[in-house]
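Peer 1: Protein chains in written order, with my numbering: chain E, 1121 to 1520; chain D, 11 to 649.
#1: Determine, for residue 567 (chain D), whether the minimum Cβ-Cβ distance to residues of chain E falls below 8 Å.
#2: Looking at the C-beta of residue 649 (chain D), does it have a partner C-beta in chain E at a distance below 8 Å?
#3: On the DSSP bridge list, what partners appear for residue 1426 (chain E)?
#4: For residue 74 (chain D), does the count of other Cβ atoms within 10 angstroms reach 16, so buried, or fall short, so exposed?
#5: Quick one: which chain D residues come within Cβ less than 7 Å of residue 1198 (chain E)?
#6: Hey, does residue 554 (chain D) have any beta-carbon neighbour from chain E nearer than 8 Å?
#7: Which residues, in order along the stretch 1219-1243 of chain E, keep a beta-carbon less than 9 Å from a beta-carbon of chain D?
#8: Of all Cβ atoms in chain E, is any one closer than 8 Å to the Cβ of residue 542 (chain D)?
#9: Note down, in chain order, every chain D residue with its Cβ under 8 Å from the Cβ of residue 1476 (chain E).
#10: Using a Cβ-Cβ cut-off of less than 8 Å, list which residues of the stretch 1433-1448 of chain E approach chain D; keep chain order.
#11: From which residue to which residue does the beta strand (DSSP E) around residue 471 (chain D) run?
#12: Measure from the C-beta of residue 629 (chain D) to each C-beta in chain E and report whether the shortest distance is under 8 Å.
#13: So with CB distances below 7 Å, who are the chain E contacts of residue 613 (chain D)?
#14: Given that residue 576 (chain D) touches chain E, what residues does it touch there, using C-beta distances under 7 Å?
#15: Any beta carbon from chain D within less than 8 Å of residue 1497 (chain E)'s own beta carbon?
#16: Got a sec? Which residues, its chain only, sit under 6 Å from residue 1177 (chain E) by beta carbon, not counting five neighbours each side?
#17: For residue 1398 (chain E), decide whether its Cβ has a neighbour in chain D, counting only Cβ atoms nearer than 8 Å.
#18: To the nearest angstrom, how far is the alpha carbon of residue 32 (chain D) from that of residue 562 (chain D)?
#19: Quick one: give me the first and last residue of the alpha helix (DSSP H) that residue 269 (chain D) is part of.
#20: Would you call residue 411 (chain D) buried or exposed, if buried means 16 or more other Cβ atoms sit within 10 Å of its Cβ?
#21: Taking Cβ positions only, does residue 1296 (chain E) come closer than 8 Å to chain D?
#22: Going straight from the alpha carbon of residue 1130 (chain E) to that of residue 1342 (chain E), what length do you get?
#23: So which residues on chain D does residue 1284 (chain E) lean against when the C-beta distance must stay under 7 Å?
#24: Taking DSSP as the reference, what is the three-state secondary structure of residue 17 (chain D)?
#25: I'd like the ranges of any alpha helix (DSSP H) spanning at least 4 consecutive residues and lying wholly in the stretch 204-271 of chain D.
#26: Drop a sphere of 10 angstroms on the beta-carbon of residue 1543 (chain E), count the other beta-carbons inside from all chains shown, and report buried for 16 or more, exposed for fewer.
#27: Got a sec: is the Cβ-Cβ distance from residue 1192 (chain E) to anything in chain D below 8 Å?
#28: Need the endpoints of the beta strand (DSSP E) that residue 432 (chain D) sits in, please.
#29: Do residue 582 (chain D) and residue 525 (chain D) come within 8 Å of each other at the CB atom, strictly closer than that value?
#30: Here's the rule I'm using: 16 or more other beta-carbon atoms within 10 Å means buried, otherwise exposed. How should residue 598 (chain D) be labelled?
#31: Measuring straight from C-alpha to C-alpha, what distance separates residue 570 (chain D) and residue 1159 (chain E)?
#32: Could one say the Cβ of residue 1323 (chain E) lies closer than 8 Å to chain D's Cβ atoms, at least one of them?
#33: CB residue 505 (chain D) to CB residue 495 (chain D), shorter than 8 Å?
#34: Going straight from the alpha carbon of residue 230 (chain D) to that of residue 206 (chain D), what length do you get?
#35: Distance, Cα to Cα, residue 1460 (chain E) vs residue 1467 (chain E)?
#36: Which residues in chain D sit within 9 Å of residue 1355 (chain E), going by Cβ to Cβ distance?
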């Protein structure tokens, strides 16, 4: 088995063959092995139904309000996986149970945004920018990175996909990569001239993207030369699996990843929710579990956090589905996590306990969760990442 | 060096911010010179200039050319369009014909299995007892059934019916389920045998890797039945450069994706070849505004009619007619779930496990947020519910077979509704929805929201307020006459200003089609081209979320985008996109400035030209290299 240090040296040498090894690669090679904290954010687009993901099976009202789509209590056929006698995982999330049992998975209940919008797009923008109620140009995860020092990698912040999500927009360089294997300039001769063209254009936006592109291409070409086999037989599933596998590959290649982003769409289940949610959750759970397995010891430095723009109505709608709601659930996963616990106050499901008498109320601001990860894991000041927001009492998600 | 890069990018960012503030430097007040105006209208009203377009606009005159584009029926259509669309048989079919000819899946996959039929044929009392009663009661009930029936009922019963039953019954259920699945697998194998049961190893090799001629010859040796089975079993890559065989294969193996693939082909052929360019740009704009996702159930097969019957006829018409056409179209009714939305009936007793009729807010919300008022347009959650209630009963008659609009009074909410302060009296029936469409289409927020979105597509990401206000005034004065609103925009000084000049980043569709047009390529198949556009992040008809694709540049300027565009440029010019032939002989012996000028329709930027001139020397300066550099350049990404 190759060591990381060896790999980087080899890459630096290999690249020296085609041109000049970029200084950052040489530096990265020298620094291989130094520990770096990494935060991975996963966005479930479309408003995932938190109440059917982590199920409050102790609530009689849950079953009364969702006669056709409630997940049965533990012990029943297709019942939830009991976590603490009150809450349970949807049965399609079986693969996350070992992480919970091992204390690596924490769950925050009734978490969300103080903003009342039920627009997917506003709510996603607010959550991604980290400024509920007003839109900012840059994203919270971009602001959570320290300013670029001399050793910063062009791959410090990566999003898997064809577009850079708002979460990673901002002044720190961030890269969208759709597919590592194909992240290369096909026409080498044209490549260097185009690089020059983008470096000198008066078009500021394209110049910035161009520079990031060509830097990232060099680094990724070096990584993609070695075929990737996930460790420990990890089995990724679906699109999210494909994304997480690429993130794992980049992290394990020690190219200086500090923040990563992946998303998974298709949660907007206004009708016929149960079978669709089961399918998505299988992909979701299996991919997260595969990521943890593939990363192995490296999970010691990694925290994964999942979020979705808002929850869904407590009561099912007229079509065996649910409409746009408010409070939701977040998962926090990784070596530094104090897992095996449900965090966040439970507001209850009685009509007067619901938000606008229809949705799960929010008892924990999503910025309390993200802020804690920013400060305790990445070591950055959370009030600069979430301007104007005074964090509440510490949740205690991470080991100290 | 690095520090220099950092300060440089900060100052560039500052400059960009100032430009984004727009009016600050008065760029929307500076008029474009005449030669730029011609390029500008071509960049904005078409999918990009093709050779000869500049001269044509100059000859006709800009104002008259715009007027013609606003009245496409006065433009003689390019005969190539008709020729390209002729083989696409589904374009003219009514939805019921499409559904009949191209069913969602073979009958063996959609037919309900005998077990499900057996379970649902039980008398209702028995079915309810089987789901809800104690283990003993269920056992007694099951024992009362004929053995054959019991086996099927056990196989088809939901999980909770089996919960707690003794092992012998559980085993019987499992065995029955397995037997049924095996039977189904066998039937599937008979209907869709794998390739190695159909062909010899040699034939399989030819079918996968032979030349197009070899493949065609091989397929022609089969009778009709075998040919269908073989084509269905082969992967689509086997039909590269055999578009007519690929269509035949896809129609057999994936009937509904095939219908949508024909629609995509149509979209690209029209975008590339139509003389009525503005109409095509607008069809794309409004299809995106009223986005419907081809991955949601039967929508794949409904989109053909949606574009042809609901969008296309109205892009120069009244907004209210367009809005109504989309509201009533089964594609939209299905996509945003309104077809299932019913008056809430808290009073109705329903047996357990049976769903209680109720409201679905999805369409009501997106109708206001995305289609008309805009998210800040002044509506509340109460308005969302009132609108949803008004549209209850707007549904689809038999979505699998006919998929036609139908109003079902039985599920309509008959009570009074208050929408944006206006009362819709009780008992309005189907009229309620029409009232809502009228209220929304005439609302000042809608006039503003639609005007701004059009200005974002045609003028600048952040269009000047003065322009949007004037467009909105035209919208209101003319009761939403879209041609009049476009006319206000195209005759405005802001449209022809320095602030609008080449500030729009091309979307992937615009980038690829404009490259094909600039290269004057001969396109005989658009399948691979559509795949390229999808790889750049804009699969045609494939946007899952109802927002549609971004109308502004921010989303498309990122590393994956830049790299993808550079590679698409090389592939197009290098003839690596099957179905797209590029003849570069007109660039023989031309210098970089001339090639760039021809492909960009304007002189290249000095930085681009110097990179090319310093980078390519002597023999390397082939037409192919130069064209690759131009199409991949920052300059070409703007329109």
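Backbone N, C-alpha and C define an ideal beta-carbon position, used for all residues, glycine too.
Peer 2: According to the structure data:
#1: yes
#2: Closer than 8 Å: no.
#3: E:1162 and E:1451
#4: exposed
#5: 169
#6: yes
#7: Cβ contacts with chain D come from 1236, 1237, 1238, 1239, 1240, 1241 and 1242.
#8: no
#9: 391
#10: 1436, 1437, 1438, 1439, 1440, 1441, 1443 and 1444
#11: Per DSSP, residue 471 (chain D) belongs to no beta strand (DSSP E) and is neither H nor E.
#12: no
#13: Per Cβ cutoff of 7 Å: no residues; residue 613 (chain D) is ~14 Å from chain E at best.
#14: Contact of residue 576 (chain D) with chain E by beta-carbon distance below 7 Å involves 1305 and 1314.
#15: no
#16: 1193, 1200 and 1208
#17: no
#18: Because the pLDDT of residue 32 (chain D) is 49, which lies under 50, any placement of that residue in the model is unreliable, and the number read from its coordinates should be weighed accordingly. Distance between the alpha carbons of residue 32 (chain D) and residue 562 (chain D) is about 15 Å.
#19: 265-283
#20: By the 10 Å Cβ count, residue 411 (chain D) comes out exposed.
#21: yes
#22: In this prediction, residue 1130 (chain E) scores a pLDDT of 49, lower than 50, which makes its location untrustworthy; no coordinate-derived value is stated.
#23: By Cβ distance, chain D contributes 568.
#24: Confidence at residue 17 (chain D) is low in this model, with a pLDDT of 41, below 50, so its placement is unreliable and no value can be given for it.
#25: Within the stretch 204-271 of chain D, the complete alpha helix (DSSP H) runs of at least 4 residues are 211-219, 222-230, 234-243 and 253-263.
#26: Lying outside 1121 to 1520, the shown extent of chain E, residue 1543 (chain E) is not represented and no answer is given.
#27: yes
#28: Its beta strand (DSSP E) spans residues 432-434.
#29: yes
#30: exposed
#31: 21 Å
#32: Taking Cβ atoms only, chain D reaches closer than 8 Å to residue 1323 (chain E), which makes this a yes.
#33: no
#34: 18 Å
#35: 20 Å
#36: Going along chain D, no residue has its Cβ under 9 Å from residue 1355 (chain E), so there is no contact; the nearest lies around 23 Å.
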